[in-house]
Amino acid sequence: MGLQKPTDLRRNWTVFFLFLLITLANYGVHIGFSLKPYMIFSLLYFVIMISQFRFYHLQLYEVAMLAFYLIYSFTGAFSLYPASSIRIMAGALIYLSCYLVMKSILEGVHQSIIDKSIGYVGLIFNTASLLLYVIGLKSVGYFFDTEGIRISQFGLMIDRNYPRLIGLLQDPNFFVFYNTVFFAYYLCNSKGWLNKAGLILCITTNILTFSRGGLLVMMALFVLYGLINHPFKQLKMTMGVILSVSFACYIAIVYLRFDLLSILESRMNDFTNDGGSGRIELWGRAWEYFTTHKVVGIGAFNFAEYNSFEYGDNLSVHNTFLDVLSESGLLGIFFYLLFLFLVVYQLYQYKIYKHKPYLFLTVIGMVLQMGFLSVIINDIFFMVLAILSTYLNRCKSGTQESTFSMTTVQKVS
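For the sequence shown, the residue numbers in full-length UniProt numbering are 1 to 413.
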């Protein structure tokens with residue numbers, strides 16, 4: 001029973017490499033836009049394995065998602081900066097094409113293989129990110145006073161004198177967003193030393209990003225997980241996490257030579273002075289653009305161009321909902337909220353919070369973080385949606401063994 005056919009084994013490795021390449025978003029080839037490793041992998045897979053490609057049934061939320069991107073791209077016809085709109089249209093087309101290939105790959109393997117791949121990739125992603133962060137600290141000699149200049153070294157970003165972890169990515173806030181699926185997975189599957197180590201790594205790397213919004217969402221997910229499970233059963237795990245994180249803080253203070261707790265306290269206190277790193281001011285500008293272009297907005301991917309022309313800084317809104325509202329107006333935000341509503345509705349309809357709680361927590365965590373980030377198109381979010389769609393298809397066809405446990409898989413193999 002433990003033997004697998006060569007075809008099945010190849011598919012299992014395909015899922016693992018696909019997920020791993022998605023976490024390497026920072027290492028793309030720039031050809032006017034970033035052609036990312038997983039995109040190249042998806043294209044090669046489609047060309048080589050075209051005979052095995054299947055177009056699977058779309059969930060309700062996927063139909064709404066496609067409708068949103070169609071409407072969002074349509075608003076580019078009314079934009080003052082059509083080149084930016086064309087760029088996001090091309091990006092959306094590439095992302096959605098890779099999404100369909102991703103679904104085709106995932107539908108060919110058992111759900112347990114998808115789950116195990118998330119567990120292994122999460123360990124690699126967080127371990128590599130933490131190592132790069134330590135290397136970055138040593139390369140700058142633990143000196144963080146850069147007089148307000150942002151500096152990136154390996155897995156470290158010094159941002160306003162804070163040593164923030166970016167790991168394999170470019171931005172500490174997006175690191176937490178990418179790490180949400182791994183954090184939720186380890187939180188909901190804490191049995192086994194590998195998963196316990198993964199959870200501790202996730203918590204450690206998330207803390208070292210010093211992302212205020214990300215850390216708040218992480219705590220919210222921890223509380224939510226306690227609510228959907230028996231709180232007293234989670235007490236042992238909670239105590240273990242607290243002790244492990246305390247030990248990690250001790251290592252950071254004694255051996256890495258910086259006071260982690262003081263930095264965290266200072267970072268939180270800064271919110272009253274920096275307005276959420278300037279987000280509140282950007283949100284006000286986005287709302288202003290919406291009020292003058294209520295129906296179709298200022299055009300797809302045009303906020304940064306407007307902001308650069310009027311205020312001299314080429315920044316995004318740092319809020320997905322206001323981003324969509326300002327760039328595609330009431331028309332775009334209606335379809336976007338419909339898309340997210342249907343995602344949450346189908347999570348509830350199929351009781352995902354009971355059968356696959358990590359998917360439930362991941363989606364909720366990502367939606368919450370959209371209030372602090374601009375993620376109109378995003379690799380890891382599409383990956384989670386593809387995993388959810390695959391699981392729902394199996395639920396509908398009756399082939400999903402919802403009681404199939406990870407421990408059973410490990411015993412068989």
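We put the beta carbon where it would ideally sit given N, CA and C, even for glycine.
Cβ neighbour criterion (16 or more within 10 Å) applied to residue i
{"i": "Glu-310", "result": "exposed"}
{"i": "Phe-19", "result": "buried"}
{"i": "Gln-111", "result": "buried"}
{"i": "Asp-313", "result": "exposed"}
{"i": "Arg-10", "result": "exposed"}
{"i": "Ile-318", "result": "One point to set straight first is that residue 318 is His, not Ile, in the sequence displayed. Buried is the call here."}
{"i": "Leu-208", "result": "buried"}
{"i": "Ile-105", "result": "buried"}
{"i": "Thr-180", "result": "buried"}
{"i": "Ala-90", "result": "exposed"}
{"i": "His-57", "result": "exposed"}
{"i": "Ile-387", "result": "buried"}
{"i": "Tyr-71", "result": "Before going on, a small fix: residue 71 reads as Ile here, not Tyr. With 16 or more other Cβ atoms within 10 Å, it is buried."}
Proximity winner among the options, relative to residue i (alpha-carbon distances)
{"i": "Tyr-133", "options": "Phe-125, Ile-166, Ile-114 and Gly-119", "result": "Ile-166"}
{"i": "Pro-172", "options": "Asn-12, Arg-150, Lys-356 and Gly-284", "result": "Arg-150"}
{"i": "Ile-380", "options": "Tyr-38, Ile-22 and Phe-144", "result": "Ile-22"}
{"i": "Tyr-250", "options": "Thr-204, Tyr-289 and Met-218", "result": "Thr-204"}
{"i": "Ser-51", "options": "Val-101, Leu-24 and Leu-93", "result": "Val-101"}
{"i": "Lys-191", "options": "Lys-116, Leu-156 and Val-367", "result": "Lys-116"}
{"i": "Leu-373", "options": "Phe-321, Tyr-391 and Val-15", "result": "Phe-321"}
{"i": "Tyr-142", "options": "Leu-131, Ile-158 and Phe-222", "result": "Ile-158"}
{"i": "Phe-341", "options": "Lys-36, His-355, Met-65 and Leu-325", "result": "Met-65"}
{"i": "Met-366", "options": "Trp-283, Leu-315 and Gly-214", "result": "Gly-214"}
{"i": "Ala-128", "options": "Leu-221, Ser-79, Glu-281 and Leu-24", "result": "Leu-24"}
{"i": "Lys-351", "options": "Val-384, Met-370 and Leu-392", "result": "Leu-392"}
Opposing strand residues paired with residue i [DSSP bridges]
{"i": "Met-157", "result": "Ser-152 and Arg-164"}
{"i": "Leu-35", "result": "Val-29"}
Presumed contact (8 Å Cβ cut-off) between residue i and residue j, rounded CB distance
{"i": "Phe-303", "j": "Ala-286", "result": "6 Å"}
{"i": "Pro-163", "j": "Phe-182", "result": "With 8 Å as the limit, Pro-163 and Phe-182 do not qualify as a contact, their Cβ atoms being about 22 Å apart."}
{"i": "residue 426", "j": "Leu-194", "result": "Limits of the chain in this structure are 1 at one end and 413 at the other, which puts residue 426 out of reach."}
{"i": "Lys-103", "j": "Ser-389", "result": "6 Å"}
{"i": "Cys-202", "j": "Gly-122", "result": "7 Å"}
{"i": "Tyr-185", "j": "Ile-118", "result": "5 Å"}
{"i": "Val-109", "j": "Asn-26", "result": "Actually they are not in contact, since the Cβ atoms of Val-109 and Asn-26 sit about 27 Å apart, beyond 8 Å."}
{"i": "Glu-107", "j": "Arg-160", "result": "Going by Cβ atoms, the distance from Glu-107 to Arg-160 rounds to 45 Å, so no, they are not a contact pair."}
Any C-beta of chain C under 8 Å from that of residue i
{"i": "Leu-58", "result": "Among the chains in the structure shown there is no chain C, since it carries only a single protein chain."}
Pairs of beta-carbons, one from the stretch 355 to 362 and one from the stretch 329 to 343, closer than 8 Å: are there three or more? No contact exists between the stretch 355 to 362 and the stretch 329 to 343.
Taking 8 Å as the cut-off, does the stretch 174 to 188 touch the stretch 96 to 108 (at least 3 CB pairs, one atom from each stretch)? Touching, no.
Inter-stretch contact at 8 Å, needing at least 3 Cβ pairs: the stretch 66 to 78 / the stretch 286 to 300: Inter-segment contact for the stretch 66 to 78 and the stretch 286 to 300 is present: three or more beta-carbon pairs are separated by less than 8 Å.
Say whether the stretch 339 to 359 touches the stretch 58 to 71, bearing in mind that this needs 3 or more beta-carbon pairs closer than 8 Å, one atom from each stretch. In this structure the stretch 339 to 359 lies against the stretch 58 to 71, because at least three pairs of beta carbons, one per stretch, are closer than 8 Å.
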